[in-house]
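Participant: Just so you know, we're using my numbering here: the sequence shown kicks off at 3 and counts up by one. All residues carry an ideal CB built from backbone N, CA and C; glycine is no exception. Encoded as structure tokens, here's the structure I'll be asking about.
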Amino acid sequence: MSSLNMATFSLGMTFSSEAEKDAVKLRVDSARRILFPDEWVITDARHDSSANAYHSTVPCMAGSTRRIVGITTLSRPEHRVAQTREVACTEIVLPQVIARGLNVTEVAHDYQSTIKTYVESRDKTWSAELSDKARSTKVHLYWCMKNCASNPDILCNMIMNISQHFQCRDTFWMESFNHQLLTYLPKRIHFHTNTFKMWMNLAVMDRMESMWTVKAKNTKRMMIMMHEVVSIPNGENN
3 MSSLNMATFS LGMTFSSEAE KDAVKLRVDS ARRILFPDEW VITDARHDSS
53 ANAYHSTVPC MAGSTRRIVG ITTLSRPEHR VAQTREVACT EIVLPQVIAR
103 GLNVTEVAHD YQSTIKTYVE SRDKTWSAEL SDKARSTKVH LYWCMKNCAS
153 NPDILCNMIM NISQHFQCRD TFWMESFNHQ LLTYLPKRIH FHTNTFKMWM
203 NLAVMDRMES MWTVKAKNTK RMMIMMHEVV SIPNGENN
């Protein structure tokens, strides 16, 4: 049998010609775009210690569903420099998420020039707002007023510097997940890499289960409300 007849698609299908294979792939891609519309994602680094971390993790969360759609952990033997490990993890997790069919169009990540350049090089949009930093923004404004030497130009420049860091969407949900990780991976304990990844996966499973539970409860509540509405006799809903 020729190699052409043995050409296989990702679903294990076989095709008699390249034209047929391309046609099926086009239909599958079209269906994928319908099932997986444009999505923005949140990525954020989590290190197992504050200095010279041994493990660094970058989870990827879907902005619309708040579910973890990808996660990557690198250890010191895999990437020696802790300061650049965040970039390496991001460069791994984003292609993985995209390869699974999620049409990522926008990425929210705390400002880092290398990651910003990487995201833009893949024709993805770098997010433009970060609403969960209100407290730190307030502190920054007071610091600017205190240190501007009563010069309005210096004050404006110092205030505008904050935009170089706060260039992404609301990352509250990712910070919440990172806080949840402390239950499974307390930073006061050093874990072997395999054990670290096992507990990380358990934390993701716990997160996913809790999100499905919340969705199920909301769906049930909505169905009850709809039933109550359609059960109201005519003339009693005014």
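Taking I94 as the reference, which of W201, W42, P61 and N105 has the closest Cα?
Facilitator: Ranking W201, W42, P61 and N105 by Cα distance to I94 puts P61 first.
Participant: Where I70 and F179 are concerned, what is the direct C-alpha to C-alpha distance, given to the nearest angstrom?
Facilitator: 9 Å
Participant: Identify the residues that DSSP records as bridge partners of H142: which are they?
Facilitator: In DSSP, H142 forms no bridge with anything.
Participant: Would DSSP call A194 helix, strand or coil?
Facilitator: The sequence as given places His at residue 194; Ala does not occur at that position. Looking at H194 - three-state DSSP - the assignment turns out to be coil, as it is neither helix nor strand.
Participant: In terms of DSSP beta bridges, what is W201 paired with?
Facilitator: Partner(s): none; W201 has no beta bridge.
Participant: Just mark C158 as buried or exposed, buried being the case when its beta carbon has 16 or more other beta carbons within 10 Å.
Facilitator: exposed
Participant: Hey, M162 and C150: beta-carbon distance below 8 Å or not?
Facilitator: no
Participant: Distance, Cα to Cα, L21 vs V121?
Facilitator: Residue identity differs from the one stated: residue 21 is Ala in this sequence, not Leu. Straight-line Cα distance between these residues: approximately 33 Å.
Participant: Is T116 near V99, with beta carbons less than 8 Å apart?
Facilitator: Taking the C-beta atoms as reference points, V99 is found no nearer than 8 Å to T116.
Participant: Under the three-state reduction of DSSP, which class applies to V95: helix, strand or coil?
Facilitator: helix
Participant: What does the alpha-carbon distance come out to for the pair M147 and S138?
Facilitator: Rounded to whole angstroms, M147 to S138 spans 14 Å at the Cα level.
Participant: Let me confirm a value: H181 is counted as buried when at least 16 other C-beta atoms fall within 10 Å, else exposed. Which label applies?
Facilitator: exposed
Participant: Looking at the C-beta of N153, does it have a partner C-beta in chain B at a distance below 8 Å?
Facilitator: The structure shown contains no chain B; it is built from a single protein chain.
Participant: Taking DSSP as the reference, what is the three-state secondary structure of E22?
Facilitator: helix
Participant: Pull up the CB-CB distance for K199 and T75, whole angstroms please, since I reckon it's below 8 Å.
Facilitator: Contact annotation, K199 with T75: C-beta distance approximately 6 Å; criterion of less than 8 Å satisfied.
Participant: What are the boundary residues of the beta strand (DSSP E) that includes C158?
Facilitator: Unbroken run through C158 is the alpha helix (DSSP H), P154 to M162; no beta strand (DSSP E).
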